[in-house]
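For reference, the structure is listed below as structure tokens.
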Amino acid sequence: MPVFEYEALDGSGRTVRGVVDAESLRAARDKLRSRGVYPTEIREESASRGGERGGLHLFSRVKAGELARMHRQLATLLEAGIPLVASLTALIEQQGNGLLKTVLTQVRERVREGSGLAEALSGHPRIFSGLFTGLVRAGEASGTLALTLTRWADFSEHQVDLRQRIRAALTYPALMAVVGGGVLFFLLAFVVPTVTRIFADLGQALPWPTLALIAVSDFLGRFWWAAAGAAVLGGFWLRRFLRSRSGGLFWDRLKLRLPLARELHRKLAVSRWARTLGTLLAGGLPLLQALEFSREVAGNRVIARALERAGERVREGDELAL
4 MPVFEYEALD
14 GSGRTVRGVV
24 DAESLRAARD
34 KLRSRGVYPT
44 EIREESASRG
54 GERGGLHLFS
64 RVKAGELARM
74 HRQLATLLEA
84 GIPLVASLTA
94 LIEQQGNGLL
104 KTVLTQVRER
114 VREGSGLAEA
124 LSGHPRIFSG
134 LFTGLVRAGE
144 ASGTLALTLT
154 RWADFSEHQV
164 DLRQRIRAAL
174 TYPALMAVVG
184 GGVLFFLLAF
194 VVPTVTRIFA
204 DLGQALPWPT
214 LALIAVSDFL
224 GRFWWAAAGA
234 AVLGGFWLRR
244 FLRSRSGGLF
254 WDRLKLRLPL
264 ARELHRKLAV
274 SRWARTLGTL
284 LAGGLPLLQA
294 LEFSREVAGN
304 RVIARALERA
314 GERVREGDEL
324 AL
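Everything in the sequence shown is counted per this note's numbering, starting at 4 for the first residue and increasing by one.
Structure below.
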């Protein structure tokens, strides 16, 4: 939906500025007049900013850190007693991410029209997860929205910090793997052929492992372009396979069986789920709904299926610990 910037006069004659989303320029004027605001100037946001939003920002996204910061700011404003619409307006004015600014503007307009915050957020599932929306709905129902958002802000900041630490821990091994692969390719493609000529001049019989290495080196030296193309295509296929349902399930099973990583991965998945479940329960969500939402954050389909079965047993009357 288009977003329009406006300058208008309110009932007391003061000049006010802001943005409003509407189907057309005329609809935007009508919406402003219905609020008792009389526009003196109104225009659709510039193409540069609109292009940034095109197709919900085709080349833009909202980072987890930006969302966590937005959660904290909204929680702080509500705890200070600032009304929801005014809090959303303050967030919009401070927002540097164009996509998030547009989404928050649309959320604010729906809240102004009478929708609840959870209902307004649910219109943007790519930005606000069902987990967050459900927690906000529970906070609105119990009258503890500010406290609920504070708990969620703590949780989301912890998740961002954990993700950054994991990424930092994996950066060095990944870099070493890339460097090692490059060195190995260089040795096979350029160094081994030189050594091969020395062995050929000596006229000695070579063991089969050495012959196999020479054959691989000879192939890479002649058809390096084919090897590079096969590596690129193989990487592309592997990426698509792992993103598929069966491929993702296979990879998640494999991560739970790898000798060195399985215990770490299992503990990370379970701790992420347990912290999420605790946050949801503290926010007022019923146990069954909290179990349904929290299993998706485990990050492993095998563990998520086990948690789904546990939820079904709880629904049938069993205790969660069984």
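Using N, Cα and C, we set each Cβ at its ideal position, and we do this for glycine too.
Considering only the beta carbon of each residue, do residue 136 and residue 78 sit closer than 8 Å? Taking the C-beta atoms as reference points, residue 78 is found no nearer than 8 Å to residue 136.
Could you check the C-alpha separation between residue 270 and residue 112 for me, to the nearest Å? In a straight line, the C-alpha of residue 270 is about 42 Å away from that of residue 112.
Which word fits residue 98, buried or exposed, when buried means at least 16 other C-beta atoms lie within 10 angstroms of its C-beta? Classification for residue 98: buried.
How many whole angstroms separate the CB atoms of residue 272 and residue 302, which I take to be in contact at a CB cut-off of 8 Å? 5 Å
At least 3 beta-carbon pairs within less than 8 Å: the stretch 156-164 vs the stretch 63-72: Taking a cut-off of 8 Å on C-beta distances, the stretch 156-164 touches the stretch 63-72, as three or more cross pairs fall below it.
Three-state secondary structure (DSSP) at residue 199? When DSSP states are grouped into helix, strand and coil, residue 199 belongs to the helix group.
Ordered along the chain, which non-local residues of its own chain (more than five positions away) have a Cβ less than 6 Å from that of residue 5? 47
By a C-beta neighbour count over all protein chains shown, 10 Å radius and 16 as the cutoff for buried, is residue 66 buried or exposed? Residue 66 comes out exposed.
Residues of its chain near residue 120, where Cβ-Cβ distance is below 8 Å and the 5 sequence neighbours each way are ignored: 87, 110, 114, 139, 143, 148
If you drop the 5 nearest sequence neighbours on each side, which residues of the same chain put their C-beta closer than 7 Å to that of residue 318? 291
Roughly how many angstroms separate the alpha carbons of residue 14 and residue 104, rounded to a whole number? 27 Å
Are residue 299 and residue 307 touching if we call contact CB-CB under 8 Å? yes
DSSP-derived helix/strand/coil call for residue 263: coil
Secondary structure at residue 313, three-state DSSP: helix, strand or coil? The DSSP-derived three-state label of residue 313 is helix.
Distance check for residue 316 and residue 116, CA to CA, integer angstroms please. 41 Å
Contact check, residue 282 vs residue 155 under 8 Å by CB: the rounded distance? That pair is a contact at about 6 Å.
Does DSSP classify residue 153 as helix, strand or coil? helix
Nearest-angstrom Cα separation, counted from residue 107 out to residue 32: 20 Å
Member of 237, 288, 10 whose CA lies at the smallest distance from the CA of residue 40: 10
Residue(s) in a DSSP beta bridge with residue 318: Answer by DSSP bridge pairing: none, since residue 318 is not bridged.
Hey, how far is the Cα of residue 8 from the Cα of residue 92? Each residue's Cα considered, the two are about 13 Å apart.
Candidates 264, 287, 254, of which the one nearest residue 173 by Cα: Of the candidates 264, 287, 254, the one whose C-alpha sits nearest the C-alpha of residue 173 is 264.
Excluding sequence positions up to five away, which residues of its chain have a Cβ less than 7 Å from the Cβ of residue 12? A distance below 7 Å between beta-carbons, with the five flanking residues on each side excluded, links residue 12 to the following residues of its chain, in chain order: 18, 41, 43.
Quick check on the burial criterion: 16 or more other C-beta atoms within 10 angstroms. Buried or exposed for residue 80? By the neighbour-count rule (16 or more Cβ atoms within 10 Å), residue 80 is buried.
With a 10 Å radius around its C-beta and 16 neighbouring C-beta atoms as the bar for buried, classify residue 320 as buried or exposed. exposed
Consider the Cβ of residue 134: report whether some Cβ of chain B lies at a distance smaller than 8 Å. The structure shown contains no chain B; it is built from a single protein chain.
Just to check my reading of the structure: residue 196 and residue 224 have Cβ atoms closer than 8 Å, yes? What is that Cβ distance to the nearest angstrom? 6 Å
At which residues does the alpha helix (DSSP H) containing residue 244 begin and terminate? Per DSSP, the unbroken alpha helix (DSSP H) holding residue 244 starts and ends at 211-246.
Assuming residue 33 is part of the alpha helix (DSSP H), what are its boundary residues? 28-37
Among 247, 21, 165, 164, which has the Cα closest to the Cα of residue 96? 21
Of all the alpha helix (DSSP H) runs that stay within the bounds of the stretch 60-116, which reach a length of 4 or more residues? 67-82, 87-97, 101-115
Using the C-alpha atoms, what's the distance from residue 233 back to residue 191? So the two alpha carbons sit approximately 17 Å from each other.
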